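Number of protein chains: 2
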Amino acid sequence: MKSLQERFEDKGIRPSQQRLRIMKYLEGRHDHPSVDMIYDALVREMPTISKTTIYNTLRLMVEKALVADLTISGQGVRYDPVTEPHSHFLCRKCGQVIDLEDIECPCLKKEVQGNKVEEVRVYLIGLCKKCHRR
Amino acid sequence: MKSLQERFEDKGIRPSQQRLRIMKYLEGRHDHPSVDMIYDALVREMPTISKTTIYNTLRLMVEKALVADLTISGQGVRYDPVTEPHSHFLCRKCGQVIDLEDIECPCLKKEVQGNKVEEVRVYLIGLCKKCHRR
DNA sequence: TTTCATACTTGTAATTATTACAAATAGATG
DNA sequence: CATCTATTTGTAATAATTACAAGTATGAAA
Numbered sequence: 013m014k015s016l017q018e019r020f021e022d023k024g025i026r027p028s029q030q031r032l033r034i035m036k037y038l039e040g041r042h043d044h045p046s047v048d049m050i051y052d053a054l055v056r057e058m059p060t061i062s063k064t065t066i067y068n069t070l071r072l073m074v075e076k077a078l079v080a081d082l083t084i085s086g087q088g089v090r091y092d093p094v095t096e097p098h099s100h101f102l103c104r105k106c107g108q109v110i111d112l113e114d115i116e117c118p119c120l121k122k123e124v125q126g127n128k129v130e131e132v133r134v135y136l137i138g139l140c141k142k143c144h145r146r
Numbered sequence: 013m014k015s016l017q018e019r020f021e022d023k024g025i026r027p028s029q030q031r032l033r034i035m036k037y038l039e040g041r042h043d044h045p046s047v048d049m050i051y052d053a054l055v056r057e058m059p060t061i062s063k064t065t066i067y068n069t070l071r072l073m074v075e076k077a078l079v080a081d082l083t084i085s086g087q088g089v090r091y092d093p094v095t096e097p098h099s100h101f102l103c104r105k106c107g108q109v110i111d112l113e114d115i116e117c118p119c120l121k122k123e124v125q126g127n128k129v130e131e132v133r134v135y136l137i138g139l140c141k142k143c144h145r146r
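Chain order of the listed sequences is A and X.
The first sequence begins at 13 in our numbering and counts up by one.
The second sequence begins at 13 in our numbering and counts up by one.
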């Protein structure tokens, strides 16, 4: 895997302190944080960072396909450092969002009923392993 | 298909003028309107209706499973009078949301990786038939 | 290295979507 | 008709996001 610096260069993104921090934070977790979660975590080490920068950076990263955005029912927007297509599971009780790598999706066809498919998003909702046990 | 009145009674919902109007409007279309679209259309025939009532009614209908809510990437919440499970296609150019009845979904399993699946939402994004032709 | 132009960040204000809430209204029941 | 309760309405509050202008940092050129 290429370094962050390299991936930024490839896409013509200037590697500012803020952008690097945001991406490093995101890549270190798999819980699909929201803007607020990212801000709250980073503002401790970087007290001057602003929420607008988080928004700007994430918009740029999504545009350049270095980050994926998820809009799951009722949860607002969440961000995912993994851009390879995969599905997500939302636990309606604890709210956590889990990656599901192995779900093969039938709708990966290029064309459906005459419409050109560019992207497939599959969200499963239910009770996660832990919450289900009670 | 049962009448609206009957379906309301079954669920213990009082059939107020507003609720009936909102549901009738929704059932007459298949373009998955937003709260604003519904409000703008109804306020002409019912000048005193309030947006809060639209929100309240839709929340109730979703709760009682007479309406489905869709949260597609970037489009805010849209509402669908069809509650049988089916998929949706969003055209990234013209913004329309199309029903896809025939997409069979592989993930209709009851359980995935230990998590209990209660609901499956599949969104396809791309260019619709019309927009694609250009 | 200084200078300059440009890109990036920040804080604030504006916008949009949604919910909370209390007062007014309508509808059902006795 | 009188009363009780559910519903609706308007307004205010909240939350998420975007717009924008001013300040700051960065890189290139001199």
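Backbone N, C-alpha and C fix where the C-beta goes; we use that ideal spot for every residue, glycine too.
Please read these numbers as outputs of a predicted model, since none were measured by experiment.
- Residues of chain A with a Cβ closer than 9 Å to the Cβ of ASN68 (chain X) do not exist, since the nearest Cβ in that chain sits about 17 Å away.
- The contact set of GLN108 (chain A) on chain X, defined by CB atoms closer than 7 Å, is empty, because the minimum CB distance reaches about 10 Å.
- Interface annotation, TYR135 (chain A): in contact with chain X, CB-CB separation under 8 Å.
- Three or more beta-carbon pairs separated by less than 8 Å link the stretch 137-146 of chain X to the stretch 103-113 of chain X, which places the two stretches in contact.
- For CYS143 (chain A), the enclosing alpha helix (DSSP H) stretches over residues 141-144.
- Closest in C-alpha terms to MET35 (chain A), from the list A:SER99, A:LEU112 and A:TYR67, comes A:TYR67.
- Its Cα nearest to that of PRO93 (chain A), the residue A:LEU32 stands out among A:LEU32, A:GLU21 and A:SER28.
- Within 8 Å of the CB of SER46 (chain A), no CB atom of chain X is found; the nearest one sits about 14 Å away.
- The C-beta distance from LEU82 (chain X) to HIS42 (chain X) rounds to 12 Å, too long to meet the 8 Å contact threshold.
- In the same chain as PRO97 (chain X), and ignoring 5 residues on each side of it, the C-beta atoms closer than 7 Å to its own belong to VAL132, in chain order.
- Listed by position along chain X, the residues whose Cβ is nearer than 7 Å to that of LYS128 (chain A) are GLY138, LEU139 and HIS144.
- Between LYS23 (chain A) and ALA77 (chain A), the alpha-carbon positions lie close to 9 Å from each other.
- Sixteen is the threshold: since fewer than 16 other Cβ atoms of the shown chains lie within 10 Å of the Cβ of THR60 (chain X), the residue is exposed.
- With respect to the C-alpha of LEU112 (chain A), the residue from X:GLY126, X:ASP114 and X:GLY107 having the closest C-alpha is X:GLY126.
- When rounded, the separation of the alpha-carbon atoms in MET73 (chain X) and ILE115 (chain X) is 25 Å.
- Per DSSP, ALA53 (chain X) is one residue of the alpha helix (DSSP H) stretching across 47-57.
- In chain order, LEU102, TYR135 and ILE137 place their CB closer than 8 Å to the CB of SER85 (chain A), counting only its own chain and leaving out the 5 sequence neighbours on each side.
- Taking the beta carbon of PHE20 (chain X) as reference, no residue of chain A falls within 9 Å; the closest one sits roughly 25 Å away.
- Distance from the Cα of LEU38 (chain A) is smallest, within the candidate group A:THR64, A:ARG26, A:PRO27 and A:TYR51, for A:TYR51.
- Sequence-distant partners of ARG19 (chain X) (beyond 5 residues in either direction) whose C-beta falls short of 7 Å from its own C-beta, in its chain, are LEU78.
- The three-state reading of DSSP puts THR69 (chain A) in helix, counting H, G and I together.
- With a threshold of 8 Å between beta carbons, THR83 (chain X) makes contact with chain A.
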